[in-house]
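Position 112, counted from 1, in the sequence shown is what our numbering calls 105; the numbers after and before it change by one each time, with no gaps.
Notes for the one structure printed next.
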Amino acid sequence: MSSFVLRILFSGLMAFVPSEDGTEVTVLLLNTEHASHTSDGAVLPPHKPFIVARAGDCTGTCPKRDADVAGFVYRDLGATAAGDALEASHVDGGVWSLNGSDLTIRKGSTSDPALPALSIASSAGASNIPTTSAEREDYKWVANLKQLCSGGCALNSALLGSNPPAGLIAARFRIRNGKVFTWSVARIGGNVTPVTFKRLDGTGSASSYVQAVASAVGVDIQVEGSSIELAETSFSGDPRRTMRLEPDASGKVEMAVLNLPPFVPPASPDNEAPEVGKHFEAYYDLLQNPPARETRLVPRVGTATGTPVGWQSVHPQSVLYSDLLNGLRMNAGRSMYDRVLCPPASIPLP
């Protein structure tokens, strides 16, 4: 029987919610279509939730071109060139815009062996930054919202049920299989540096929670079989679309689950100091009792201590190179999140 690895890459305005028993992680993609402002009065720009799957073959609902996604990802190109670039990025996969979407992964055939149980990467490293590639995989680098507000920052549990509160989330991705790990941590210049959390206006004390933070999260699922299926239902459980994917010529399937603001990749990857992550304030809206907006702590560049750790040394390209992200122009150094500290967040249950 054939086998392959499905790699799913998550980046953008989204919160990871691990279950108490460790068998599921639900990813909540925030909805920013409604008018919203950060505490400094700036408009929170609309983020585009979408998924692109790169594969050798796709059956089901597998649109090759999506004008809205293409115009968003390649906004500096004309309509035809943008559509061509999007199609080239996923080879013979497909692209979906997401709206009120519940997403799951399941085996491509009922006769295939069961997919592996969920595991969440951890390492023995005790530092506040990763010093090796193995330490970089640790899930602990996903910024933990529960460390940043009093009272434990409990998630609004209605967000996990049928018909969640309107306007807060655009999509949910339920992960029940494979290894969840930190794919990349925020880069400060050429190094990995701890991030601090403080109010956007700079008042008050900084949090004692100081560490490197993830900029993207990965999930690797070892598939025993010739295909894998992505299934979408509405929040109320009504079936919508499926995408059955087979590996490309290199023997893999990749998915990118993204929720990003408008952005054009820079010509140069150099960036010494990412901007303060003001969009991080939006995560607190997912809580049962959201704190006042002006009191919310957001990530900002911290002070490097000890021996510098080079970003590339803990992100080996031989392991982390992605044909899909490269085609989407979201590879390391060109991503929105190399310019702004707006990491995904973690809100563990309970």
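Where a beta carbon is used, it is the ideal one built from N, C-alpha and C, also for glycine.
Remember, it's a predicted structure, so these values are computed and weren't measured experimentally.
- Around the C-beta of threonine 25, 16 or more other C-beta atoms lie within 10 Å, and the residue is accordingly described as buried.
- Less than 8 Å divides the Cβ of leucine -1 from the Cβ of isoleucine 221.
- Sequence-distant partners of glutamine 140 (beyond 5 residues in either direction) whose C-beta falls short of 6 Å from its own C-beta, in its chain, are Tyr202.
- Under the three-state reduction of DSSP output, asparagine 121 falls in the coil class, being neither helix nor strand.
- The beta carbon of threonine 125 sits closer than 7 Å to the beta carbons of Val307 from its chain, once the five residues preceding and following it are set aside; these are given in chain order.
- Annotation: the continuous beta strand (DSSP E) that includes serine -4 extends over -4 to 5.
- Annotated as proximal: leucine 334 and valine 188, with beta-carbon spacing under 8 Å.
- When beta bridges are read from the DSSP output, tryptophan 89 appears opposite Ile44.
- Between serine 90 and leucine 321, the C-beta spacing is not below 8 Å.
- If the five residues before and after arginine 68 are omitted, its C-beta is found closer than 7 Å to the C-beta atoms of Pro255, Val257, all from its own chain and listed in chain order.
- For glycine 144, the three-state secondary structure derived from DSSP is helix.
- For glutamate 217, the enclosing beta strand (DSSP E) stretches over residues 207 to 217.
- In this structure, the straight-line span from the alpha carbon of leucine 79 to that of isoleucine 113 is close to 31 Å.
- The Cβ atoms of arginine 233 and threonine 226 lie closer than 8 Å to each other.
- Excluding sequence positions up to five before and after serine 200, its CB lies within less than 6 Å of the CB of Leu141, Phe190, Leu290, all in the same chain and listed in chain order.
- Put simply, the backbone Cα of asparagine 149 is about 37 Å away from that of valine 302.
- In the DSSP assignment, asparagine 319 falls within the alpha helix (DSSP H) that extends over 316 to 320.
- Collapsing the DSSP output to three states places glycine 195 in coil.
- Judged by their CB atoms, aspartate 95 and phenylalanine -3 are not nearer to each other than the 8 Å cut-off.
- When the beta-carbon positions are compared, aspartate 131 and threonine 73 stay at least 8 Å from each other.
- Distance between valine 135 and serine 104, taken at the CA atoms: about 36 Å.
- Assignment of arginine 129 by DSSP, reduced to helix, strand and coil, places it in the helix class.
- Taken atom to atom, the span from the alpha-carbon of alanine 151 to that of threonine 97 is near 19 Å.
- For serine 150, the three-state secondary structure derived from DSSP is helix.
- In the structure shown, alanine 81 adopts helical secondary structure according to DSSP, grouped into three states.
- In the three-state reduction of the DSSP assignment, threonine 73 falls in the helix class, which pools H, G and I.
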